[in-house]
Amino acid sequence: MATGLLPICLGEATKFSSHLLEADKVYRTRVELGVITDTGDAEGTIIEQHEVPSLSVDDVEAVLTRFRGEIDQVPPMYSALKHQGKKLYELAREGKQVERAARRVSVYDARLLSFDGTAFELEVSCSKGTYIRTLAEDIGLALGCGAHISQLRRLKTGPFLADAMWTLEALEALADQAALEAELMPVDVLVDHLPLLTVDDTAHSRLAHGQPAALETGALAPDEVARLYYAETFIGLGVVKGAQEVAPKRLLSTVAIS
Numbered sequence: 000m001a002t003g004l005l006p007i008c009l010g011e012a013t014k015f016s017s018h019l020l021e022a023d024k025v026y027r028t029r030v031e032l033g034v035i036t037d038t039g040d041a042e043g044t045i046i047e048q049h050e051v052p053s054l055s056v057d058d059v060e061a062v063l064t065r066f067r068g069e070i071d072q073v074p075p076m077y078s079a080l081k082h083q084g085k086k087l088y089e090l091a092r093e094g095k096q097v098e099r100a101a102r103r104v105s106v107y108d109a110r111l112l113s114f115d116g117t118a119f120e121l122e123v124s125c126s127k128g129t130y131i132r133t134l135a136e137d138i139g140l141a142l143g144c145g146a147h148i149s150q151l152r153r154l155k156t157g158p159f160l161a162d163a164m165w166t167l168e169a170l171e172a173l174a175d176q177a178a179l180e181a182e183l184m185p186v187d188v189l190v191d192h193l194p195l196l197t198v199d200d201t202a203h204s205r206l207a208h209g210q211p212a213a214l215e216t217g218a219l220a221p222d223e224v225a226r227l228y229y230a231e232t233f234i235g236l237g238v239v240k241g242a243q244e245v246a247p248k249r250l251l252s253t254v255a256i257s
């Protein structure tokens with residue numbers, strides 16, 4: 000049921016993969032009204048069914064306005080979040096329910112693409128930690144009939160777009176390692192949202208030894224993270240420690256000590 004974009008990090012890129020978890024996402028989903036399942040999607044067991052009221056596009060749009068911006072969302076039981084060391088979906092499969100605190104998430108946009116009276120398609124742009132299943136369920140409750148999702152496709156994660164995806168089969172079909180490597184994106188695309196600092200010879204040597212270096216930091220504030228470039232080549236991330244000083248945060252293993 001879930002399809003779409005899944006960025007995969009290889010080699011040195013894994014050092015910066017946490018930025019994918021922090022990235023905003025864009026999804027397209029189909030929401031089915033009148034049926035509530037235990038998982039919030041079509042793969043779950045139906046637990047409630049309700050008659051769908053007569054709704055217009057304007058009715059749906061009016062409800063959607065309540066779910067744009069910062070909202071509080073209770074994570075679903077069928078999720079990988081943990082309670083006392085155990086994943087919630089494991090507890091759910093045991094028939095257990097636990098209290099979950101609401102979390103603040105951001106829905107930058109929830110755009111109605113189509114509506115046929117009993118189901119609608121949405122394109123959702125949101126922050127990390129947003130559960131589309133829960134969003135659909137909450138919208139369904141607000142419409143007075145409940146809902147679940149029957150389709151979910153991730154279109155964007157941070158700078159990565161579904162239009163540039165490769166299927167696993169297409170990757171396997173590449174003739175050799177050189178052909179594969181030619182299609183890989185550079186490591187620094189993971190962090191291109193961060194400010195850029197240029198490193199000179201002296202600073203490069205100190206950073207490579209794990210030491211803070213004198214560096215022009217411009218308007219960057221203490222503790223702000225920046226991507227570092229030496230001779231126009233990405234070498235890793237640094238953190239501003241004070242006026243005109245940067246310490247290494249995470250460097251590529253290829254950064255030579257000189």
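Numbering that gives the first Met the number 0 puts the first residue of the sequence shown at 0, with every later residue one more than the last.
Don't be surprised by glycine CBs; every beta carbon is placed ideally from N, CA and C.
Everything numeric in this text was worked out from a predicted model, so none of it was measured.
Our contact map puts residue i next to residue j with C-beta atoms below 8 Å; I'd like the distance itself, whole angstroms only.
i, j, result
"Lys155", "Ala161", "7 Å"
"Leu121", "Val30", "6 Å"
"Ala109", "Arg67", "6 Å"
"Leu250", "Gly235", "3 Å"
"Thr28", "Ile148", "5 Å"
"Val188", "Phe114", "Going by Cβ atoms, the distance from Val188 to Phe114 rounds to 37 Å, so no, they are not a contact pair."
Count the other C-beta atoms from every protein chain shown that fall within 10 angstroms of the C-beta of residue i, then say buried if there are 16 or more, exposed otherwise.
i, result
"Ile46", "exposed"
"Gly10", "exposed"
"His203", "buried"
"Met76", "buried"
"Gly237", "buried"
"Ile131", "buried"
Can you give me the start and stop residues for the beta strand (DSSP E) that residue i sits inside?
i, result
"Leu112", "102-114"
"Ser149", "146-156"
"Ser96", "At residue 96 the sequence reads Gln, which differs from the Ser that was named. Segment: none, Gln96 is in no beta strand (DSSP E) and carries neither H nor E."
"Leu195", "195-198"
At the level of alpha carbons, what is the spacing between residue i and residue j?
i, j, result
"Glu93", "Leu214", "56 Å"
"Ala230", "Val25", "35 Å"
"Pro221", "Leu227", "16 Å"
"Glu180", "Glu168", "16 Å"
"Ala22", "Leu5", "13 Å"
"Thr133", "Val62", "15 Å"
"Ala41", "Glu136", "12 Å"
"Ala207", "Asp37", "52 Å"
"Ser78", "Tyr88", "5 Å"
"Ala184", "Gln48", "Ala is not the amino acid found at residue 184; the sequence shown has Met there. Spanning the two alpha carbons is a distance of roughly 47 Å."
"Arg205", "Lys248", "13 Å"
"Cys272", "Gly157", "An answer regarding residue 272 cannot be provided, because it is not within the stretch 0 to 257 covered by the chain."
"Leu112", "Ile138", "15 Å"
"Gln150", "Glu182", "29 Å"
"Lys14", "Glu244", "23 Å"
"Ala178", "Glu171", "11 Å"
"Trp165", "Phe159", "12 Å"
"Ala91", "Thr129", "20 Å"
"Gly209", "Ser252", "12 Å"
From what residue to what residue does the alpha helix (DSSP H) around residue i run?
i, result
"Tyr258", "Absent from the model: residue 258. The displayed extent of the chain is 0 to 257, so no value can be given."
"Ser17", "17-21"
"Ile138", "131-141"
Return yes when the C-beta of residue i is under 7 Å from any heavy atom of the ligand SAM, and no when it is not.
i, result
"Val62", "The ligand content of the structure shown is nil, which means the ligand SAM is not present either."
With a cut-off of 8 Å, do at least 3 Cβ pairs link the region 188-205 to the region 15-23? yes
On the three-pair Cβ rule with 8 Å, is the region 96-108 touching the region 64-73? yes
Quick check: the region 135-149 against the region 44-64, are at least 3 beta-carbon pairs closer than 8 Å? yes
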